[in-house]
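Chains as they are written, first to last, in my numbering: chain A, 1 to 405; chain B, 406 to 789. Beneath this line is the structure, given in structure tokens, with notes to follow.
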Ligand code: SF4
Ligand code: SF4
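Put into structure tokens, the structure is as follows:
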């Protein structure tokens, strides 16, 4: 998928490019190291049991091993959660088609939250641009639209990811039982058990399952150009930093455009100094200039980042790994296995919203517990014009579309 | 033989590259997630199943001229199944985990069933073939008491491997192109064409170079059976085409991709699809008319045409249009990559080597003058 926001990415002016070259020159060593790391992993996984059959002790051992392995591979402390389904919860999702503007922020938030491969690109969410008046004839949809401004006149936008079917063909066909429905209704994949036969991909009516054709790469050095507005000391090598990101088509975005970023990201200045963000960035509305979004967060550094005059003196990494993971959710995958949307298990089983629901600038995404009569999602189902995709296949999706206005 | 070894080496090195880099070396992507490998697998299941075409008349009606041919058919089935398994192995993303098949998702997954019936079929054929060869080595007839039941069992087993493989596709409601009840019958009839087509040519080669005693009558009988099978095959294809084009629903789009193209572009599979239909029709006529059936030039042209027709039908025209356009309406034009072609070459090389080796081992049974060991001594005694 092509990025609609190319203009805000800078590539050539920053030292991280040379850093990338450095990485390239060290590729041989890297490959050797990677293979060595990969081998122990492959060995370990060769004997790994299916998640559902692990005894509590074996699971503990496995998690400890994985966390160490990921830390070694990605240079960051990892948490691999095993939170189980919450009793009396059945997750459901509803998306307001009358609001969606097709900005694809959900798709990219998903990429960074769920450690999706940036190269080759894997996207759980595909946003389809559809000419108005063509109903839901997906053969006329375009997932590759590139627009300076969204929404484009005369078009509607239909984001599609896994529909978490109650009657899921993918789970039925898997020859080795590597994918199943959890009691909270989420279809999960055991990445250590999947053999990569791709039968499930053939069976899924929504193109929701993704295969790792190559080794997934999460860090490619892509970053967002930002401007540092201020950096105030907060004691002991910590600074409160406010950065500003220029927006493409803010006038098209309906207020309030609050966009909390999802993952803690490293932060790099023009000299190649790396700052590690300490808190999750919090969006700051900037009432004066609707063409920008500000983020406030704390960084750990010896000295304060200098404030900048130009838009692109700092790079804000888009593709750092997210070390907060779940065994059946966003932990790093490897080549040759299938993966898919899992409603951000690592977040939702801990009472948070999925990344896509949180980032949507127009609030078109509603997530909640279908068993709770007072939930927002139940309100939507009861009061709006709701439909599901490909109803005739009897997959019984728990992902609903509706027209809010 | 040296060529075959070379094929295998080329295939092995291409496969090594695929294991190192991942299946990204192939032309497959999320939109078309199965391709040339699975197409070949499907075709070869048909070849393996087709051994029964010869088994049925030979054993049930004790029809003499075909009897030795059956052993060759069984050896071909064994080699074909080995190639089938190899094609699945090169297609999966994590081949080292295929042992997980030992803990299958029974009875829900058709792929789990497929693994079971393919291995069962392999076991039955191997058992029968090796028993006949073993007894033949000692100059004794095979033990009818337990060969016959096994052979009878191999008939439904052959039907089952191709039926289960068809069900694997036709059970997917999401893919309207495959989700049709006549897929299994179509699979069976096309298999009854392609398998014997290979055997027809093989037998003539054996007759010429290894001086096999194979009667013309047997070859013509096989060709006649193929003509009937091809008729039903074309009829079923026509029924499918009528349904799609006359009812003209959204599902037609896959047939349009197959025979013409979408959005004004000719699809890369269309020329193959037409060539396949034409080849199959011509071959049917050649085999139907007694005169051309009994003429070895036209017979062989027909066999090659049938082989080509069915290979395209199963290897290209079945898998690719099933995936194109994708579930979200996207047209990804799949073509096998160089790696895929090389790996496939390697797998066919392995199959050819296995088949040749089996055939050489079976020679003493098939040809009395080649008998060795106890069988030869017995023969010498008898003539003295
Ligand atoms: S949308 Fe596809 S991947 Fe998701 S549950 Fe349904 S069949 Fe499975
Ligand atoms: S690709 Fe993996 S999850 Fe999908 S059917 Fe095959 S083994 Fe199961």
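All residues carry an ideal CB built from backbone N, CA and C; glycine is no exception.
{"Check": "Residue 72 of chain A - containing alpha helix (DSSP H), residue span", "Outcome": "56-74"}
{"Check": "Inter-residue Cα distance where the pair is residue 426 of chain B and residue 668 of chain B", "Outcome": "34 Å"}
{"Check": "Identity of the residues DSSP links to residue 230 of chain A by a beta bridge", "Outcome": "A:242"}
{"Check": "Which listed residue (A:143, A:96, A:101, A:175) has its alpha carbon closest to that of residue 493 of chain B", "Outcome": "A:175"}
{"Check": "Partner residues on chain B for residue 321 of chain A, Cβ-Cβ distance less than 7 Å", "Outcome": "Within 7 Å Cβ-Cβ: nothing; residue 321 of chain A doesn't reach chain B, min ~20 Å."}
{"Check": "Short Cβ contact (8 Å threshold) for residue 196 of chain A with residue 398 of chain A", "Outcome": "no"}
{"Check": "Alpha carbon of residue 727 of chain B to alpha carbon of residue 703 of chain B, nearest angstrom", "Outcome": "34 Å"}
{"Check": "Identified DSSP bridge partners for residue 121 of chain A", "Outcome": "A:118"}
{"Check": "Expected contact under 8 Å - CB spacing of residue 377 of chain A and residue 370 of chain A to nearest Å", "Outcome": "6 Å"}
{"Check": "Residues bridged to residue 325 of chain A (per DSSP)", "Outcome": "A:80"}
{"Check": "Inter-residue spacing [alpha-carbon to alpha-carbon] between residue 701 of chain B and residue 473 of chain B", "Outcome": "21 Å"}
{"Check": "Short-range partners of chain A found in the stretch 556-580 of chain B, where Cβ spacing is below 7 Å", "Outcome": "577, 578, 579, 580"}
{"Check": "Near-chain B residues of the stretch 166-198 of chain A (beta-carbon distance less than 8 Å), N- to C-terminal order", "Outcome": "169, 172, 173, 174, 175, 176, 177, 178, 193, 194, 195, 196, 197, 198"}
{"Check": "DSSP three-state assignment for residue 659 of chain B, whether helix, strand or coil", "Outcome": "helix"}
{"Check": "Exposed unless 16 or more other CB atoms sit within 10 angstroms - verdict on residue 314 of chain A", "Outcome": "buried"}
{"Check": "CB-CB length for residue 100 of chain A against residue 157 of chain A, believed under 8 Å", "Outcome": "5 Å"}
{"Check": "According to DSSP, residues forming a beta bridge with residue 461 of chain B", "Outcome": "Beta-bridge pairing links residue 461 of chain B to no other residue."}
{"Check": "N-terminal and C-terminal residue of the beta strand (DSSP E) that residue 130 of chain A is part of", "Outcome": "126-131"}
{"Check": "Continuous alpha helix (DSSP H) stretch holding residue 158 of chain A: start and end", "Outcome": "Unbroken run through residue 158 of chain A is the beta strand (DSSP E), 155-160; no alpha helix (DSSP H)."}
{"Check": "Near-chain A residues of the stretch 706-735 of chain B (beta-carbon distance less than 7 Å), N- to C-terminal order", "Outcome": "730, 731, 732, 733, 734, 735"}
{"Check": "Residues bridged to residue 92 of chain A (per DSSP)", "Outcome": "A:368"}
{"Check": "Contacting residues, own chain, Cβ-Cβ under 6 Å from residue 520 of chain B (five flanking each side not counted)", "Outcome": "506"}
{"Check": "Own chain, CB closer than 6 Å to residue 82 of chain A, minus 5 neighbours either side, in chain order", "Outcome": "327"}
{"Check": "Chain-ordered neighbours of residue 509 of chain B on chain A, where CB pairs are closer than 7 Å", "Outcome": "175, 176"}
{"Check": "7 Å CB neighbourhood of residue 767 of chain B in its chain, flanking five on each side removed", "Outcome": "476, 480, 538"}
{"Check": "Distance cut-off 7 Å: residue 436 of chain B Cβ against heavy atoms of ligand 1", "Outcome": "no"}
{"Check": "Coarse secondary structure for residue 388 of chain A, derived from DSSP in three states", "Outcome": "coil"}
{"Check": "Chain A within 8 Å of residue 499 of chain B, Cβ atoms only", "Outcome": "yes"}
{"Check": "Given residue 731 of chain B as reference, the closest of A:137, A:49, A:117 once Cα atoms are compared", "Outcome": "A:137"}
{"Check": "Chain A contacts made by the stretch 410-440 of chain B, where a contact means CB separation under 7 Å", "Outcome": "426, 427, 428, 429, 434, 435, 438, 439"}
{"Check": "Chain A contact residues for residue 503 of chain B, given Cβ-Cβ distances below 8 Å", "Outcome": "195"}
{"Check": "Proximity test, Cβ basis, 8 Å: residue 65 of chain A and chain B", "Outcome": "no"}
{"Check": "CB contact check: residue 652 of chain B to chain A, cutoff 8 Å", "Outcome": "no"}
{"Check": "Heavy atoms of ligand 3 versus C-beta positions, residues under 6 Å", "Outcome": "Although ligand 3 was asked about, the structure shown includes only ligand 1 and ligand 2 as ligands."}
{"Check": "Where residue 212 of chain A falls: helix, strand or coil (DSSP)", "Outcome": "coil"}
{"Check": "Proximal chain B residues relative to residue 206 of chain A, where beta-carbon distance stays under 9 Å", "Outcome": "579, 732, 733"}
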